[in-house]
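Asker:
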Amino acid sequence: MPTASEIKRSSATPQARSRVAPLKVAVFIAMLYPLARILVLGLTGINGGLGANPIEFITRSTGLWTLVYLCITLAITPVRRMTGITALARFRRMTGLYAFSFAVLHFTTYIWFDKWFDVAEMLKDIGKRPFITVGFAAFVLLIPLAVTSPKAMVRKLGRRWQTLHRAIYLIAALAILHFWWMKAGKHDLELPKIYGSIVIVLLGWRAITWLRTRATRRRA
Ligand code: HEM
């Protein structure tokens, strides 16, 4: 999900666009890997397939990949600024939409295949495992970002688009809380600590950049 200024900057020449296009297709296909893995394991049963509890496997796998794609989306701007590879901005909408798509799969697996749309059963589960509410909040916040991701919406909303899309920082924090809370119950915080550190670094980078820009503007 690029910023408005990035969209303007990335309105590259047709030659530059055609150079990035094959790479975008390759990245799009590569990002289908988690889904392909679930399908292959489920259909072939190799390596123990989806295990003794396939629904749990799918919920966990799609949840983890939602987080991975959120982190990749958040990492694009810092990496672009540090390396000067401006074309990276052209991948952000795709990675953001992948994060949303995996969140949809994660949510759907839970409400459909795990709970069979049984609201009473879900409420009972949320009572027992409140971390689910935090995941739900992150998912709800992702919806307006996905809906406003087309370029036409970026142009239409102008500065408001950037303000709205800052919700990605809150979403990332909620996703870590969701993950941490779930794993804390199992006394297994290794992965949440890794992902938590990644998100802290990415959000910290933004905070420092923002403070620096503000200081420079004040001096000017
Ligand atoms: C941005 C949104 C979300 C993210 C990033 C996310 C991420 C995650 C992650 C990383 C896990 C742990 C996976 C693992 O064990 O390796 C997880 C588990 C789980 N999530 Fe989410 N989640 C999100 C939204 C939701 C929503 C909307 C629901 C349901 C309403 C939900 C329900 C669950 C449940 C029930 C588990 C535990 C599965 C189990 O115990 O086997 N999550 N999620």
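Numbering (this note's numbering), first residue to last: 371 to 590.
Backbone N, C-alpha and C define an ideal beta-carbon position, used for all residues, glycine too.
1. Give the single residue among A457, R499, M464 whose Cα lies nearest to the Cα of S388.
2. Can you check the region 479 to 503 for any alpha helix (DSSP H) of at least 4 residues that lies completely inside it and give the ranges in chain order?
3. Helix or strand or just coil, what does DSSP make of G415?
4. With R318 as the anchor, note down where its alpha helix (DSSP H) starts and where it stops.
5. Beta carbon of E426: closer than 7 Å to some heavy atom of ligand 1?
6. When DSSP labels each residue in this structure, what does I513 get in the three-state scheme?
7. I'd like to know whether the C-beta atoms of L440 and A516 end up nearer to each other than 8 Å.
8. Can you give me the Cβ contacts of L573 inside the same chain, cut-off strictly under 6 Å, excluding the 5 residues immediately before and after it?
9. Per DSSP, what kind of secondary structure is A400 in: helix, strand or coil?
10. Can you tell me whether S380 is helix, strand or coil according to DSSP?
11. Please go through the same chain and pick out, in chain order, the residues whose beta-carbon is closer than 6 Å to the beta-carbon of R525, but skip the five residues on each side of it.
12. Kindly examine ligand 1 and report whether one of its heavy atoms sits closer than 7 Å to the Cβ of A473.
13. Rounding to the nearest angstrom, what Cα-Cα distance links D558 and R576 in this structure?
14. Quick check on the DSSP output: what are the complete alpha helix (DSSP H) runs of length 4 or more inside the region 522 to 555, in order along the chain?
15. Is it buried or exposed, M452, if we count other Cβ atoms within 10 angstroms and call 16 or more buried?
16. Label W482 either buried or exposed according to how many other C-beta atoms from any shown protein chain fall within 10 Å of its C-beta, with 16 as the threshold for buried.
17. Are the region 436 to 450 and the region 485 to 498 in contact at 8 Å, needing three or more beta carbon pairs?
18. If we call anything under 8 Å between Cβ atoms a contact, is I442 one with T465?
Answerer: Based on what the coordinates show:
1. Sequence index remark: in the sequence shown, residue 388 carries index 18 (1-based). It is A457 whose Cα lies nearest to the Cα of S388.
2. Entirely contained in the region 479 to 503, the alpha helix (DSSP H) runs reaching 4 residues are, in chain order, 489 to 498.
3. Taking the sequence shown and counting its residues from 1, the one referred to as residue 415 is at position 45. Of the three classes helix, strand and coil, the one that applies to G415 here is coil, per DSSP.
4. Absent from the model: residue 318. The displayed extent of the chain is 371 to 590, so no value can be given.
5. Within the sequence shown, residue 426 is the residue found at index 56, counting from 1. For ligand 1, at least one heavy atom lies less than 7 Å from the Cβ of E426.
6. The count along the sequence shown starts at 1 and reaches residue 513 at position 143. Secondary structure of I513 (DSSP, three-state): helix.
7. Locating residue 440 in the sequence shown gives position 70, counting from the first residue. Locating residue 516 in the sequence shown gives position 146, counting from the first residue. Cβ distance not < 8 Å, so L440 and A516 don't count as in contact.
8. Position 203 of the sequence shown, counted from the start, is the residue given in the question as residue 573. Non-local C-beta neighbours of L573 in its own chain, meaning closer than 6 Å and more than five positions away in sequence, comprise Y539, ordered along the chain.
9. Position 30 of the sequence shown, counted from the start, is the residue given in the question as residue 400. It is helical.
10. For the purposes of this step, residue 380 is taken as residue 10 along the sequence shown, with counting starting at 1. Residue confidence is low: S380 scores 48 on pLDDT, short of 50, so the model does not pin down where it sits. Its coordinate-derived value is still stated next. Correct three-state label for S380: coil.
11. Within the sequence shown, the letter at position 155 stands for residue 525. Within the same chain, R525 has no close Cβ partners at all.
12. The sequence position of residue 473 within the sequence shown is 103, counting from 1. Relative to ligand 1, the nearest heavy atom lies less than 7 Å away from the CB of A473.
13. If you number the sequence shown from 1, residue 558 lands on position 188. If you number the sequence shown from 1, residue 576 lands on position 206. Distance between the alpha carbons of D558 and R576 is about 29 Å.
14. Counting only runs of 4 or more, we get 529 to 535, 537 to 554.
15. As a working note, residue 452 is residue 82 in the sequence shown. M452 is classed as exposed because its beta carbon has fewer than 16 other beta carbons within 10 Å across all chains shown.
16. As a position in the sequence shown, residue 482 is number 112, starting the count at 1. Looking at its Cβ environment, which holds fewer than 16 other Cβ atoms inside 10 Å, W482 is exposed.
17. Short answer: they don't touch.
18. Numbered from its first residue, the sequence shown carries residue 442 at position 72. Numbered from its first residue, the sequence shown carries residue 465 at position 95. Yes. Within cutoff.
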